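Q: Take this structure, written in structure tokens, and hold onto it; I'll ask about it next.
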Amino acid sequence: MVSGPVAAVRPGVAAAHPSTAAAGAAVLRRGGHAVDAAVAMVLVSCAAETLFTGLSGGGFAVVHDAATGEVTCVDFFVAVPGLGERRGSGAIPIEVYLGGHPVPYEIGPATVAVPGVPAGVRHLWQRWGRLDWATLVEPALLASYGTPFPLTHAQLLPFITAAMCAGEGAQVFQRPDGTLLQAGDPLSHPDHWRAFETLRDAPDDFYRGPYADAMLASVADGGALSTADLAAYQVVESTPAEVTLDLDDGRVRVLARGDDMDDVLSTLAAAATSAPGDPVTDPEAACQLVEALRAHPRLADTTNVCAVDADGNACVATTSLGLGSSVYVPGYGVHLNSMLGEGELIRGEAVPGRRMTSMMSPLVVLDDEGRLRVAAGAAGGSRIRPALVQTVVRMLRGTAPQQAIDLPRLTALPGGQVRLEPGFSPAVLAALAEAGNTVVETETQLPFFGGVSAISPLGAGADPRRSGEWILVDPAQPT
């Protein structure tokens, strides 16, 4: 573990796409707050990472105020529709592949939940932002005209074409000759720029106005989403849950929303206090990690951004639209979410107006004096927890963010299967098998194992499994 004084975290950003990271870095160079940078990155991700997120999705953020030490959780996840007279029906079953396994899913108007991203980014900006709103939306508007399709997205697309290439999705994710987009191809929808112009000039239209009318019309045949649902939606702030960890160089507090489906905080606490070795080489540590990570696979996909500004403020935001419903808002090019098609996101009765549950858990780690030690978040549905836990524990034990992210990961699946990326020692593989696990080692690192972005006093890191990028900035450097 690290020892001695903890250095300050340098201002910077980390995200799952080069265009997303570049937008955040430019905002920081203009003197923007970490929240300004995060908002700009979330919006760019809605144009550049439409395989994972979009303006009709939802998410969570955690904001650390360096001056006061206060940490605030912001919930702008999707809500269950049905407050009006509409009732959803006729969801379309499809089959997609998660880590090589077929997973049932549903798309269509009946799977569309109440979106939260437009309200969420606006709330974050109004609460903490420094720069003007148009400045934060402009990078996303430019990105809506086309950004390079990353290699990792191109590798994933063939496994989820049933969702992504249905309906208008064909003109987004296929070339003119009908083949799938390849790495480096421009990703865009011809009408998408209108949505970002609307967000810049009339953001309320996403919940009442011409955009809202067009969205409701697009789901009229089978969707439950109504005017009443949009009018009732509100962003929710809350006090984070936390766990305390005793490290060799002092005590730290890990803060996150705490009500995620997979209980990231408790798992992180267990992993941080278990065998001190790294699971990549230590059989005992690997076996203990597997026992802590047993969980059911879920498919909802996500993306994550991190930002720290020159004053030490931090913001981590995670967003998703599921795989997308294959329904697009006419005239605006926005792919509507499919959260109601991800059956395992609904636990108990789906009550109209209530938030849906989620695995997302952006977090910050502070020392006893309230100084930032880690800002991190992860994408990947049920792989959020194993990806975050393994990465953050490594960082708290003194590993730089990019190295902690790059190291091999494992995840525990139902039925006793453990899937690992290449690089785990033969002794670890043997120990897991002897403990009764079915051990499956992949040939390469895969998006399946989650995508992490993180910042610490030792630098920043972004996941190569999602074509991520990080940038440390000098605020005095011109944009």
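My numbering puts the first residue of the sequence shown at 5, with every later residue one more than the last.
Just so you know, even glycine gets a beta-carbon here, dropped at the ideal spot from N, CA and C.
Just so we're clear, the structure is a prediction, and the values are computed from it rather than from any experiment.
Can you tell me whether A51 is buried or exposed, with buried defined as 16 or more other CB within 10 angstroms of its CB?
A: Under this definition A51 is a buried residue.
Q: When you compare each of F80, L414, A12 and F452 to A123 by their alpha carbons, which one comes out closest?
A: The candidate whose alpha carbon is nearest that of A123 is F80.
Q: Pick out whichever of C77, E89 and V116 has its Cα sitting closest to the Cα of I96.
A: Ranking C77, E89 and V116 by Cα distance to I96 puts V116 first.
Q: When burial is assigned at 16 or more other CB atoms within 10 Å of the CB, is Q406 buried or exposed?
A: Flag for Q406 reads buried.
Q: Under 8 Å: do the segment 177 to 191 and the segment 158 to 166 share three or more Cβ pairs, one atom per stretch?
A: Because the criterion of three Cβ pairs below 8 Å is met, the segment 177 to 191 and the segment 158 to 166 touch.
Q: Mind the definition here: the segment 391 to 403 touches the segment 255 to 275 only if three or more C-beta pairs lie below 8 Å; say whether that holds.
A: Cβ pair count under 8 Å is three or more, so yes.
Q: Grab me the residues of A70's own chain with a C-beta within less than 6 Å of its C-beta, minus the 5 sequence neighbours each way, in chain order.
A: Hits under 6 Å: D315, G316 and N317.
Q: What separation, rounded to the nearest whole angstrom, lies between the Cα atoms of P120 and P244?
A: According to the sequence as given, residue 120 is Gly; it is not Pro. Cα to Cα, G120 sits roughly 20 Å from P244.
Q: Just verifying my parser: in three-state terms, what is the DSSP assignment at A187?
A: It is coil, neither helix nor strand.
Q: Does DSSP put G254 in a helix, in a strand, or in coil?
A: Three-state DSSP puts G254 in a strand.
Q: Following the continuous beta strand (DSSP E) through V67, name the residue where it begins and the one where it ends.
A: Per DSSP, V67 belongs to the beta strand (DSSP E) from G62 to H68.
Q: Ends of the alpha helix (DSSP H) at A48?
A: Looking at the sequence provided, one finds Val at residue 48 rather than Ala. Its alpha helix (DSSP H) spans residues A38 to A52.
Q: Could you tell me which residues DSSP puts in a beta bridge with G465?
A: According to DSSP, G465 bridges with A458.
Q: Excluding the 5 residues flanking Y332 on each side, which residues of the same chain have their C-beta closer than 6 Å to its C-beta?
A: Excluding sequence neighbours, Y332 sits near E172 and H339.
Q: Would T76 pass as a contact of E241 if the rule is Cβ separation under 7 Å?
A: A contact, by the Cβ cut-off of 7 Å.
Q: Go through its chain and collect everything with a Cβ distance to V256's Cβ below 6 Å, but skip five positions before and after it.
A: Taken in chain order, the residues that qualify are L249, V369, D371 and R377.
Q: Using a Cβ-Cβ cutoff of less than 6 Å, which residues in the same chain neighbour V6 once the five nearest sequence positions on both sides are dropped?
A: With a pLDDT of 39 at V6, under the threshold of 50, the predicted position of this residue should be treated as unreliable, though the coordinate-derived value follows. Cβ within range, chain order: D253 and G402.
Q: Rounded to a whole number of angstroms, what is the C-alpha to C-alpha distance between F453 and V396?
A: The straight-line gap from Cα to Cα measures roughly 15 Å.
Q: Between F177 and the ligand PLP, is the CB less than 6 Å from at least one heavy atom?
A: Only the bare structure without any ligand can be found here, which leaves the ligand PLP out of the picture.
Q: Assuming V456 contacts L436 under a Cβ cut-off of 8 Å, what Cβ separation, rounded to an integer in Å, is found between them?
A: Actually they are not in contact, since the Cβ atoms of V456 and L436 sit about 22 Å apart, beyond 8 Å.
Q: Would the beta-carbon of P154 fall within 7 Å of that of S471?
A: Yes, these two residues count as a Cβ contact at 7 Å.
Q: Considering Cα atoms alone, identify which of A235, Q292 and S460 is closest to G357.
A: Closest by alpha carbon: A235.
Q: For D205, does the three-state DSSP call read helix, strand or coil?
A: Residue state, collapsed to three classes: helix.
Q: Should G73 go down as buried or exposed, given a rule of 16 or more other Cβ atoms within 10 Å for buried?
A: Burial call: exposed.
Q: In the structure shown, what three-state DSSP assignment does F56 receive?
A: F56 falls in the coil class under three-state DSSP.
Q: On a CA-only basis, which of V100, R34 and V125 is nearest L135? Give me that one, please.
A: Per the Cα distances, R34.
Q: Alpha carbons only, please: which of G465, G94, G326 and P143 is nearest the one belonging to S49?
A: When only C-alpha atoms are compared, the closest one is P143.
Q: Are the Cβ atoms of G133 and D40 separated by less than 7 Å?
A: Cβ atoms of G133 and D40: closer than 7 Å.
Q: Going by beta carbon distance, what residues of the same chain come within less than 6 Å of V17, once the five residues before and after it are set aside?
A: Taken in chain order, the residues that qualify are A25, G28, A29, A41, A311 and I475.
Q: Taking a contact to mean a Cβ-Cβ separation below 7 Å, would you say C291 touches A439 in this structure?
A: Taking 7 Å as the Cβ cut-off, C291 and A439 qualify as a contacting pair.
Q: Over what stretch of residues does the beta strand (DSSP E) that includes Q421 continue unbroken?
A: Its beta strand (DSSP E) spans residues Q421 to L424.
Q: Using DSSP's beta-bridge definition, name the partner residues of L32.
A: Paired residues: none, contrary to the question.
Q: Per DSSP, what are the beta-bridge partners of W474 in this structure?
A: Answer by DSSP bridge pairing, in chain order: A18.
Q: Can you tell which of G227, P287 and M168 has its C-alpha closest to the C-alpha of S93?
A: The option with the nearest alpha carbon to S93 is G227.
Q: Restricting to Cα atoms, I'd like to know which of A19, R90 and A275 is closest to T57.
A: Of the listed residues, the one whose Cα sits closest to T57 is A19.
Q: Quick check on V355: buried or exposed, where buried means 16 or more other Cβ atoms within 10 Å of its Cβ?
A: That one is exposed.
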